[in-house]
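Enquirer: Okay, here's the structure, questions in a sec.
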Amino acid sequence: MECCRRRRFRRRPSNQLDNPKENLRAHCFHCQTPGHRAAYCPGVTCQICGHQGLARKFARIVRHSSPRMSPKMEEVARAEVTRLAAEGFIEQSASDWCSAPVLVKKQDGSYRFCIDYRDLNKVTVQDQYPIPNMDGILDKLRKARYLSKVDLKNAYHQIPMEANSKKYTAFAIPGSGLWHYTRMPFGLCNAPRTFQRLIDSLFGPEFEPNIFGYLDDIIVATDTFEEHLQWLKSF
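Just so you know, we're using the UniProt record's numbering here: the sequence shown kicks off at 1 and counts up by one.
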């Protein structure tokens, strides 16, 4: 018995351009504004779900129960939640999503507060914005005589979360309730590429060969010390 395959044809919208490249460049996918590149859009936000192309896949809701913690770990976690709330990075939530917090011990004996977003990342459509190749940046630094590296503090927290995506970052602390991030947290699969998009909008190719941006590290390279000081003072 022969198999008959149906071919489905989609009607092209009337406003779609004949040239695919021109159609791609016609509108910024962040704000739908024609005439400028998406990487330089002033409205860059971190989105897990929304209308800007990072929509969540159809999957079950991620719900993790609060992990058991020792009294010392609970004290550390509550202190960190208090600090994040005071700085405006998190707020009380009524989300139906919940990821588990994790405390990682650092070399100095203190603890790093993290959220296990692995299951959330599995149901997130990944952003494919390119991240610069570090080997390529190092090749361009060979002739520089003076180098400085600026490490940004709380880098990811400088980017606000899109309103519809805040609920997906929710986490629970025993005795402290349910919280979600208002600023982009660490651990999201799209966080590095979202932040790189912001860095590229600030320090684009026109700043080479004096300034290079790689995630939360800004590299300043010059041939003379006087020129180096001028670049550092411009920050």
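Beta carbons are placed, not taken as given, at the ideal position from N, Cα and C, and that holds for glycine.
Quick caveat: nothing in here was measured; it's all calculated off a predicted structure.
If you follow the beta strand (DSSP E) that Trp-179 is in, where does it begin and where does it stop?
Expert: 177-181 is the extent of the beta strand (DSSP E) around Trp-179.
Enquirer: Inspect the beta-carbon positions of Ala-221 and Leu-141 and report whether they are closer than 8 Å.
Expert: Yes; because the gap between Cβ atoms is below 8 Å, this pair is in contact.
Enquirer: Buried or exposed: which applies to Asp-127, given that a residue is buried once 16 or more other Cβ atoms fall within 10 Å of its Cβ?
Expert: So Asp-127 counts as buried.
Enquirer: Helix, strand or coil: how does DSSP classify His-157 here?
Expert: Looking at His-157 - three-state DSSP - the assignment turns out to be helix.
Enquirer: If you reduce the DSSP assignment to three classes, tell me which class Gly-136 lands in.
Expert: Residue state, collapsed to three classes: helix.
Enquirer: By DSSP, does Arg-145 sit in helix, in strand, or in coil?
Expert: The answer is coil: DSSP assigns Arg-145 none of H, G, I, E or B.
Enquirer: How big is the Cα-Cα spacing for Leu-76 and Gly-136?
Expert: One detail in the question is off: residue 76 reads as Val in this sequence, not Leu. In a straight line, the C-alpha of Val-76 is about 41 Å away from that of Gly-136.
Enquirer: Going by alpha carbons, who is nearest to Asp-119 out of Ile-218, Cys-189, Thr-194?
Expert: Asp-119 has its Cα closest to that of Cys-189, out of Ile-218, Cys-189, Thr-194.
Enquirer: Which residues does DSSP pair with Gly-213 in a beta bridge?
Expert: In DSSP, Gly-213 forms a bridge with Ile-218.
Enquirer: Given a cut-off of 8 Å on the beta-carbon distance, is the pair Lys-167 and Ser-93 in contact?
Expert: Contact: yes.
Enquirer: At which residues does the beta strand (DSSP E) containing Leu-103 begin and terminate?
Expert: That run of the beta strand (DSSP E) goes 100-105.
Enquirer: For the beta strand (DSSP E) that Ile-90 lies in, which residues bound it at each end?
Expert: Element bounds for Ile-90: 90-92.
Enquirer: Could you tell me the alpha carbon to alpha carbon distance between Thr-82 and Ala-191, rounded to whole angstroms?
Expert: Cα to Cα, the separation comes out at about 23 Å.
Enquirer: Just how far apart, CA to CA, sit Ser-70 and Pro-174?
Expert: Using only the alpha carbons, I get a separation of about 11 Å.
Enquirer: Should Ile-61 go down as buried or exposed, given a rule of 16 or more other Cβ atoms within 10 Å for buried?
Expert: Result: exposed.
Enquirer: CB Ala-170 to CB Ser-95, shorter than 8 Å?
Expert: Taking 8 Å as the Cβ cut-off, Ala-170 and Ser-95 qualify as a contacting pair.
Enquirer: Determine which residues share a DSSP beta bridge with Cys-114 and list them.
Expert: Cys-114 pairs with Val-102.
Enquirer: If you run the structure through DSSP and keep just helix, strand and coil, what is Ile-61?
Expert: The answer is coil: DSSP assigns Ile-61 none of H, G, I, E or B.
Enquirer: Does the count of Cβ pairs from the region 214-229 and the region 138-152 closer than 8 Å reach three?
Expert: Contact holds: three or more Cβ-Cβ distances are below 8 Å.
Enquirer: Taking DSSP as the reference, what is the three-state secondary structure of residue 249?
Expert: Nothing in the structure corresponds to residue 249, since the chain is present only between 1 and 235.
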